[in-house]
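Heads up: the structure comes next, in structure tokens.
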Amino acid sequence: EKRYVYYAALLGISLTLVGFALSPPGESMGIVIPNRVLAIIGIVSAAIIILSYKKKQELAEKTQEQLSALFQHADEGIFILDHLGKIILSNPKALRLFNFESTGIKGKLFTELIPDFPITAANNKSFEHTINESDDPKKNAIAYRNNRSQFPVEFSLSQYQTSEGLFNVVFLKDITNRK
32 EKRYVYYAAL LGISLTLVGF ALSPPGESMG IVIPNRVLAI IGIVSAAIII
82 LSYKKKQELA EKTQEQLSAL FQHADEGIFI LDHLGKIILS NPKALRLFNF
132 ESTGIKGKLF TELIPDFPIT AANNKSFEHT INESDDPKKN AIAYRNNRSQ
182 FPVEFSLSQY QTSEGLFNVV FLKDITNRK
């Protein structure tokens, strides 16, 4: 908590000042004063760095909570795929659309759900190539639920790069009621 950082900083400054007051009378004040001033500056700087880091951490946690809520409560199915089209993450809506339990879909090739999906592990076609080929980012296809029943979907693709590699995001919507 912030108050503990403030307490620690005040304690450090207080101890530094006490050390100054209790310095032996024979010491050169030209050395003792700059030494104590530098100690106080170090303590205040450390407190500022800790508080700044804590504030950034709190902001990152809040952003993570908001992104998690968006992912968990989205009205569209969302899949995160690796560069070969394997599912690494899906939101609850996607699981409901395809009648899967939370652990049953991870690791599957996305082409098991949508055979006409524009990438397969066999052809290793690039998503970027597929995305850039199309003027319309939304595509229609037939999807297969876990029980192999069919339903029409509309999906769009996007990508992002991290230090772990290239990932693909599929946003998917059941369009049965539109047909």
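Residue numbers (my numbering): 32 to 210.
Here a beta-carbon is modelled for each residue, glycine too, at the ideal position from N, C-alpha and C.
Residue burial classification, residue 61 (beta-carbon count within 10 angstroms, cutoff 16): Exposed: under 16 other Cβ atoms inside 10 Å.
Going straight from the alpha carbon of residue 66 to that of residue 42, what length do you get? Residue 42 has its alpha-carbon roughly 17 Å from the corresponding atom of residue 66.
Cβ pair count under 8 Å reaching 3, the region 102 to 113 against the region 67 to 80: These segments do not touch.
Proximal residues to residue 63 (C-beta, below 7 Å), its chain only, five neighbours per side dropped: Its chain contains 51, 54 as the residues whose beta carbon lies nearer than 7 Å to that of residue 63, once the 5 sequence neighbours on both sides are disregarded; these appear in chain order.
Please classify residue 65: does DSSP put it in a helix, a strand, or coil? Judged by DSSP in its simplified three-state form, residue 65 adopts helix.
In three-state DSSP terms, what is residue 197? The answer is strand: DSSP assigns residue 197 an E or B state.
If you check the beta carbons only, do residue 191 and residue 184 fall under 8 Å apart? Taking 8 Å as the Cβ cut-off, residue 191 and residue 184 do not qualify as a contacting pair.
Any idea what DSSP makes of residue 117, helix, strand or coil? Reduced to three states, the DSSP call for residue 117 is strand.
How far does the alpha helix (DSSP H) with residue 52 in it reach, from first residue to last? That run of the alpha helix (DSSP H) goes 33 to 52.
Hey, out of 79, 47, 90, 89, whose CA is closest to residue 69's CA? The residue with the shortest Cα to Cα distance from residue 69 is 47.
By Cβ distance below 7 Å, which residues in the same chain neighbour residue 158 in space, the five residues on each side in sequence not counted? In this prediction, residue 158 scores a pLDDT of 49, lower than 50, which makes its location untrustworthy; the coordinate-derived value is nonetheless stated afterwards. Cβ neighbours of residue 158 beyond the five flanking positions: 150, 188, 190, 199.
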